[in-house]
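Take a look at the structure below.
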Ligand code: KG4
Ligand code: ZN
């Protein structure tokens, strides 16, 4: 890793924080400053390395992070025009995620922290998603958050940095997982979300009706595995009737799937909004969507309609900050550093499982390593 001249550093709004994200299949890093400037931002996607396997292979992901992170950081510092010594803190995702990848990012961040004498800040990946909206907009606490990614699907009340209450979660698949599995079933490739969204744009959402798991039930939890099974049956019926799954069949199934999934989210959110209003003691509150699935335009527009109906102010991060990126980790690290400038998490290790709301009962993957969701 090379040092670059720091002629720009003096004018920067401090703190200046480097964030490293390696929890899944994106090698990403960014530098953000206290005035919400993203000084530099790099994401190296491993999609091509995993595509032939139809999903992320942890071994391959870890090796790719090792191969690319040093070079990515060197170019990032060049883009920013500052050196490592000009940073105030170095943040990295310590969990939840794939252990091999997490270790690469965390060891690199700790090495930079050790070499420069700057603090290392441990960031929960989900907290990165949860706070990103505050990097893009001035969203005050408390807010209601729908966190929809490849590994998680939760509704949370966000009261402050590190202060989350889970109102609902998936009892099986995450929303992004449902998109990915649907895409795989229909032969649309990986990652599934963008492929299903593109196919749905050409489809007729009224041709097929899919079941809406959990809709109308008490509580705010989700279930998406039944939806995936129903998609499989639809595809099999099409093949049985027509001998082949046509381009139009695929598009119509995707449109029905996307519409149904959004309707399930809206139903659960309607209940969560009522709970949140009581908890927060106010009716006009921000409503935020975050995570990879928040990049879905159809879902964003359905959520905006819900927010208008419920008299809530709707916020969604810019598209590039929805899927995994380094800026969300840098920003969460910066928020933590601002609260406690003496922070130094050098003794924190990686955690494959790390729920945001530690008090919530685990719904999925209860085990030795802790709650998965
Ligand atoms: O937040 P993220 O990048 O990684 C995790 O933390 O899991 O989310 C990735 C997920 C994948 O399941 C991907 O298919 C989904 O987000 N995704 C989308 C879209 N873009 C990404 N889902 C629906 N529509 C999209 N446009
Ligand atoms: Zn993520």
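In our numbering, the protein residues as written are 707 to 1079.
Note that beta-carbon positions come from the ideal geometry of N, C-alpha and C, so glycine has one too.
Close CB contacts of residue 718 within its chain, under the 7 angstroms cut and outside five residues either way in sequence, are with 739 (chain order). In the structure shown, the three-state DSSP call for residue 1014 is helix.
The C-beta distance from residue 994 to residue 839 rounds to 5 angstroms, short enough to meet the 8 angstroms contact threshold. A heavy atom of ligand 1 is found nearer than 8 angstroms to the CB of residue 899. When secondary structure is reduced to three states using DSSP, residue 1007 falls in the helix class. Under DSSP, residue 725 forms a beta bridge with 736 and 797. In terms of side-chain proximity, the C-beta atom of residue 886 is found no nearer than 8 angstroms to any non-hydrogen atom of ligand 2. Inclusion of residue 1022 and residue 965 in the CB contact set at 9 angstroms is not warranted, their separation being larger than that value.
Residue state for residue 763 is assigned as coil, using DSSP reduced to three classes. Contact between the region 758-767 and the region 1007-1019 is absent: fewer than three C-beta pairs spanning the two stretches fall below 8 angstroms. Per DSSP, the beta-bridge partners of residue 859 are 854.
Checking the 8 angstroms criterion, the Cβ of residue 1005 is within range of a heavy atom belonging to ligand 1.
DSSP places residue 973 in the uninterrupted alpha helix (DSSP H) bounded by 953-986. Residue pairing by DSSP places residue 866 opposite 869 in a beta bridge. Annotation: the continuous beta strand (DSSP E) that includes residue 748 extends over 744-751. The alpha-carbon separation between residue 850 and residue 945 amounts to approximately 42 angstroms.
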